[in-house]
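Visitor: Position one of the sequence shown corresponds to residue 26 (our numbering), numbered consecutively onward. Yeah, the Cβ is synthetic: ideal placement off N, Cα and C, and Gly gets one too. These numbers come from a predicted model, not from an experiment.
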Amino acid sequence: MFIRSKDILSGPEWANVRALYKSSGFTDDEMKKPIIAVVNAYNSVCPGHFLLQQVSQRVKEGISAAGGMAVEFGVIGACDGVAMGHNGMKHILPGREILANEIETMMEAHRLDGMVLIGSCDKIVPGMLMGAVRVNLPTVFINGGPTLPGRMKENNPYGGEYIDHSIIQQSEGALKAGLISQEQFDWIENNAVPTPGSCAMLGTANTMCCLAEALGMALPGAAAIPAVYSKRLAMAYDSGKAVMALVEKDIKPRDIITKESIINAVKVNSAIGGSTNAVLHLLAIAYEAEIDFNIFEFGDEAKDVPHLVPMIPAGQYTLLDFYEAGGVQAIMAELQSVLDIKGMTCTTKSLEDNLKDAKNYNLDVIRPLANPVHSRGGIGILTGNLASHGSVTKPSAIPEDALYFKGKAKIFESEQDALTGIRNHEVRAGEVVVIRNEGPKGGPGMPEMYKAMKLLVGMDLGSKVCVITDGRFSGSNNGCFVGHICPEAADDGNIAYLEDGDTIVVDVKNGSISAEVDFEARRSQGKRSKTPQATGYLYQYYKNVRSASEGAVIPVRD
């Protein structure tokens with residue numbers, strides 16, 4: 026067993042380092058053991074991370090029980106829900122790169138031997154996995170778990186038994202349209218999120234936690250355990266023990282995250298109806314792991330895997346239902362025939378070995394391949410003269426009658442312009458709402474158009490208009506939408522040259538998005554994209570970030 030921390034802890038020349046550890050209360054005996062970092066995104070801003078101190082304590086106990094010395098450091102963990110719909114959202118995706126850099130800095134500066142990553146929410150999970158494959162030291166990921174869903178009152182306007190945080194913004198649209206009362210709206214606000222945890226629907230947070238397990242970086246069954254369940258703490262203890270087995274056998278993230286496991290995660294994402302943001306994040310993780318994988322391969326691998334799990338926003342079930350049905354292991358067992366099951370996982374066993382214990386306890390929640398919710402895949406990659414480098418949609422969350430949409434363009438130059446226009450009832454049924462200048466460079470930071478889409482759904486326009494953007498969407502969005510349009514407006518993409526009234530055709534089934542426009546003629550009239558205004562870190566991000574079709578990464582190598 027190679028313990029690299031011993032290089033700076035042995036001999037008289039390293040007494041200064043031993044003294045620094047001793048000043049924190051560590052002993053000579055402990056410093057003979059592998060030093061394992063507990064990388065904790067705890068804060069009291071983000072409800073998905075509110076309980077992570079308890080998780081961290083159990084992880085440290087597991088590390089100690091298995092013969093390691095646990096040290097802990099914190100990393101950032103911004104909340105998409107708090108940042109949503111104002112300029113704070115511009116910092117959310119860029120925070121992913123900061124987090125990966127924080128992990129690299131701490132692990133390399135202190136020559137630590139392995140780590141357990143603890144996080145729950147949207148960009149934190151992929152940022153942690155990106156940092157893990159970059160430093161490539163034995164690693165286990167554990168999330169804090171989803172919140173329990175709210176339970177809706179009788180005679181509610183939405184149907185179904187459970188609700189979650191995402192319904193609140195939708196309810197604002199319904200309130201403005203006179204479809205619900207102020208009393209009903211207030212009740213939803215006060216009861217939609219009854220406990221701490223990541224949001225109860227299959228948004229980006231829970232999608233990425235599920236995909237961490239599908240990649241093999243989290244223990245079987247970890248992703249869907251509710252935040253407030255005692256099993257979450259037991260899983261934390263086991264995760265601490267598991268990282269020590271990886272250290273013993275020198276199994277590293279790049280042994281686990283391979284092209285085959287990335288493709289497995291793409292297929293799981295399609296089957297569960299996961300977030301469109303998974304495209305950005307799996308591309309970014311592949312980049313960090315030096316795996317050759319592109320957006321069109323993502324589309325090819327996703328398109329033939331049907332949607333099997335009807336979770337909110339693409340169905341009625343929540344993460345609690347998914348957990349009780351068997352979670353990620355159960356869906357992977359249903360998909361075994363289309364997965365590569367020979368790869369290594371953080372259990373030190375193959376995926377095939379792990380799946381021997383998998384059971385599906387509810388065939389309504391987790392459907393078999395022979396009985397899908399939708400025969401179409403959960404993620405679609407569209408191309409055409411509006412998106413020559415690709416764009417992303419979520420067929421599982423689009424109503425059947427909106428899979429083909431032809432309409433006249435209604436142009437908004439920013440998210441804020443769109444929100445104002447929608448609230449002022451400027452959008453009409455049959456239109457294609459275009460929100461541009463919101464890509465990785467144009468935002469800058471590629472904010473989510475979550476609020477715009479939710480308002481339209483709440484106004485009963487979700488399938489009667491189509492929203493297209495060079496920004497992105499929340500995993501909780503439903504309706505007719507296309508994001509990640511590349512090239513973006515700030516890269517002089519064709520979306521910059523659209524005008525009000527242009528005819529746009531979105532054909533999800535055939536994978537195309539196009540406009541009936543002579544873009545070369547428009548381009549000859551002069552450049553139309555705006556130069557982003559940014560200071561601070563967002564200036565650095567704007568100057569260095571790559572296209573969304575490449576994962577919106579900041580390059581870390583030539």
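Could you tell me the alpha carbon to alpha carbon distance between Thr-528 and Cys-505, rounded to whole angstroms?
Guide: Within the sequence shown, the letter at position 503 stands for residue 528. Within the sequence shown, the letter at position 480 stands for residue 505. So the two alpha carbons sit approximately 16 Å from each other.
Visitor: Please identify the residue among Val-100, Arg-582, Gln-361 whose C-alpha is closest to the C-alpha of Ala-125.
Guide: Here residue 125 refers to the residue found at position 100 when the sequence shown is read from its first residue. Here the closest residue by C-alpha is Val-100.
Visitor: Run the proximity test for Gln-209: is its beta-carbon closer than 8 Å to any non-hydrogen atom belonging to the ligand ZN?
Guide: This structure lacks the ligand ZN; in fact it carries no ligand of any kind.
Visitor: Can you give the Cα-Cα distance for Val-70 and Ala-230, rounded to whole angstroms?
Guide: Indexing the sequence shown from 1 puts residue 70 at position 45. Indexing the sequence shown from 1 puts residue 230 at position 205. Each residue's alpha carbon lies about 15 Å from the other.
Visitor: For the candidate residues Asn-302, Val-390, Tyr-564, whose alpha-carbon lies nearest to that of Val-507?
Guide: Your numbering for residue 507 matches position 482 in the sequence shown. Comparing Cα positions, the closest option is Asn-302.
Visitor: I think Glu-473 touches Met-153, with their Cβ atoms under 8 Å apart; what is that distance to the nearest whole Å?
Guide: On the sequence shown, position 448 is the one that residue 473 refers to. On the sequence shown, position 128 is the one that residue 153 refers to. Wrong, their Cβ atoms sit about 20 Å apart, outside the cutoff.
Visitor: Whole angstroms are fine: how far does the CA of Gly-403 sit from the CA of Val-334?
Guide: Along the sequence shown, read from residue 1 onward, the residue named residue 334 stands at position 309. Along the sequence shown, read from residue 1 onward, the residue named residue 403 stands at position 378. Each residue's Cα considered, the two are about 10 Å apart.
Visitor: By the DSSP assignment, the alpha helix (DSSP H) with Tyr-522 in it spans what residues?
Guide: Position 497 of the sequence shown, counting from 1, holds the residue named residue 522. No alpha helix (DSSP H) holds Tyr-522; DSSP gives it neither H nor E.
Visitor: Using C-beta distances below 8 Å, list every residue in its chain close to Lys-292, excluding the 5 sequence neighbours before and after it, in chain order.
Guide: Numbered from its first residue, the sequence shown carries residue 292 at position 267. Cβ within range, chain order: Glu-326, Ala-327, Val-330, Leu-360, Val-363, Leu-364.
Visitor: Tell me the DSSP bridge mates of Val-63?
Guide: Looking up residue 63 in the sequence shown gives position 38. Glu-97, Val-141, per the DSSP bridge assignment.
Visitor: List the endpoints of the continuous beta strand (DSSP E) containing Lys-431.
Guide: One-based indexing of the sequence shown puts residue 431 at position 406. Start and end: 429 to 437.
Visitor: Classify Lys-568 as buried or exposed, calling it buried when 16 or more other Cβ atoms lie within 10 Å of its own Cβ.
Guide: Your numbering for residue 568 matches position 543 in the sequence shown. When all chains shown are included, Lys-568 counts as exposed.
Visitor: Using a Cβ-Cβ cutoff of less than 6 Å, which residues in the same chain neighbour Gly-170 once the five nearest sequence positions on both sides are dropped?
Guide: For the purposes of this step, residue 170 is taken as the residue at position 145 of the sequence shown. Around Gly-170: Gly-222, Ile-250, Pro-251, Ala-252, Arg-257.
Visitor: Check the C-beta distance from Pro-424 over to Gly-405 and give it rounded, since I have them as a contact under 8 Å.
Guide: The residue labelled residue 424 in the question sits at position 399 within the sequence shown. The residue labelled residue 405 in the question sits at position 380 within the sequence shown. The pair is not a contact, with the Cβ atoms about 14 Å apart (cut-off 8 Å).
Visitor: Rounded to a whole number of angstroms, what is the C-alpha to C-alpha distance between Ile-192 and Ala-217?
Guide: Indexing the sequence shown from 1 puts residue 192 at position 167. Indexing the sequence shown from 1 puts residue 217 at position 192. The straight-line gap from Cα to Cα measures roughly 8 Å.
Visitor: Where does Ala-104 sit, in a helix, a strand or coil, going by DSSP?
Guide: Within the sequence shown, the letter at position 79 stands for residue 104. It should be pointed out that residue 104 corresponds to Cys in this sequence rather than to Ala. Here Cys-104 sits in coil by DSSP.
Visitor: For the beta strand (DSSP E) that Glu-456 lies in, which residues bound it at each end?
Guide: As a position in the sequence shown, residue 456 is number 431, starting the count at 1. Taken as a continuous stretch (DSSP letters only), the beta strand (DSSP E) holding Glu-456 covers 456 to 460.
Visitor: At which residue ranges does the stretch 230 to 293 contain complete alpha helix (DSSP H) runs of 4 or more residues, listed in the order of the chain?
Guide: Entirely contained in the stretch 230 to 293, the alpha helix (DSSP H) runs reaching 4 residues are, in chain order, 255 to 274, 278 to 281.
Visitor: Under a three-way DSSP split, which group does Thr-373 fall into?
Guide: Taking the first residue of the sequence shown as 1, we reach residue 373 at position 348. Reduced to three states, the DSSP call for Thr-373 is coil.
Visitor: At 3 residues or longer, what runs of the beta strand (DSSP E) sit wholly inside the stretch 114 to 170?
Guide: Qualifying beta strand (DSSP E) stretches, in chain order: 139 to 143, 164 to 167.
Visitor: From which residue to which residue does the alpha helix (DSSP H) around Arg-83 run?
Guide: On the sequence shown, residue 83 is found 58 positions in, with the first residue counted as 1. Start and end: 77 to 90.
Visitor: Measure the CB-CB distance between Met-140 and Val-63 and report whether it falls below 9 Å.
Guide: Mapped onto the sequence shown, residue 140 falls at position 115. Mapped onto the sequence shown, residue 63 falls at position 38. Contact: yes.
Visitor: Return helix, strand or coil for Leu-407, following the three-state DSSP convention.
Guide: Position 382 of the sequence shown, counting from 1, holds the residue named residue 407. DSSP places Leu-407 in strand when its eight states are reduced to three.
Visitor: I need the boundaries of the alpha helix (DSSP H) containing Phe-321, first residue and last residue.
Guide: The residue given as residue 321 occupies position 296 in the sequence shown. Start and end: 320 to 328.
Visitor: Taking DSSP's pairing of strands, which residues face Arg-176 in a bridge?
Guide: Numbered from 1 along the sequence shown, position 151 holds the residue referred to as residue 176. In the DSSP output, where bridge partners are listed per residue, Arg-176 has Tyr-187.
Visitor: Check whether the Cβ atoms of Leu-407 and Val-533 sit closer than 9 Å, and answer yes or no.
Guide: In the sequence shown, counting from the first residue as 1, residue 407 sits at position 382. In the sequence shown, counting from the first residue as 1, residue 533 sits at position 508. Their beta carbons are under 9 Å apart, which means Leu-407 touches Val-533 by this criterion.
Visitor: Would the stretch 484 to 496 and the stretch 377 to 393 be scored as touching if the rule is three or more Cβ pairs under 8 Å?
Guide: They do not touch, by the three-pair rule.
Visitor: Can you tell me where the alpha helix (DSSP H) with Ile-310 in it begins and where it stops?
Guide: The count along the sequence shown starts at 1 and reaches residue 310 at position 285. Start and end: 302 to 313.
Visitor: Please state if the CB of Leu-244 and the CB of Ile-287 are separated by a distance shorter than 9 Å.
Guide: Numbered from its first residue, the sequence shown carries residue 287 at position 262. Numbered from its first residue, the sequence shown carries residue 244 at position 219. In this structure, Leu-244 does not lie closer than 9 Å to Ile-287 by Cβ.
Visitor: Skipping 5 residues on each side, what residues in its chain have a beta carbon closer than 7 Å to that of Tyr-46?
Guide: If you number the sequence shown from 1, residue 46 lands on position 21. Cβ within range, chain order: Met-56.
Visitor: Between Ile-366 and Tyr-429, what straight-line distance do the alpha-carbon atoms span, to the nearest angstrom?
Guide: The residue labelled residue 366 in the question sits at position 341 within the sequence shown. The residue labelled residue 429 in the question sits at position 404 within the sequence shown. In a straight line, the C-alpha of Ile-366 is about 36 Å away from that of Tyr-429.
Visitor: Taking just the CA atoms, how far does Arg-448 sit from Gly-203?
Guide: Within the sequence shown, numbered from 1, the residue matching residue 203 stands at position 178. Within the sequence shown, numbered from 1, the residue matching residue 448 stands at position 423. Whole-angstrom Cα-Cα distance: 13 Å.
Visitor: Do you know offhand how far Phe-51's Cα is from Ala-395's?
Guide: Reading the sequence shown from its first residue, position 26 is the one you call residue 51. Reading the sequence shown from its first residue, position 370 is the one you call residue 395. When rounded, the distance between both Cα atoms is 56 Å.
Visitor: Compare the beta carbon distance of Cys-235 and Ile-297 with 9 Å and say whether it is the shorter of the two.
Guide: Translated into the one-based positions of the sequence shown, residue 235 becomes position 210. Translated into the one-based positions of the sequence shown, residue 297 becomes position 272. Yes, the Cβ-Cβ distance between Cys-235 and Ile-297 is below 9 Å.
Visitor: Please tell me whether Gly-467 and Pro-557 are closer than 9 Å, where the distance is taken between their beta carbons.
Guide: The count along the sequence shown starts at 1 and reaches residue 467 at position 442. The count along the sequence shown starts at 1 and reaches residue 557 at position 532. A contact, by the Cβ cut-off of 9 Å.
Visitor: List the whole-angstrom C-beta distance separating Val-304 from Phe-323, where the pair is believed to meet the contact cut-off of C-beta under 8 Å.
Guide: Here residue 304 is taken as the residue at index 279 of the sequence shown, counted from 1. Here residue 323 is taken as the residue at index 298 of the sequence shown, counted from 1. Yes, they are in contact, since the Cβ atoms of Val-304 and Phe-323 sit about 6 Å apart, within 8 Å.
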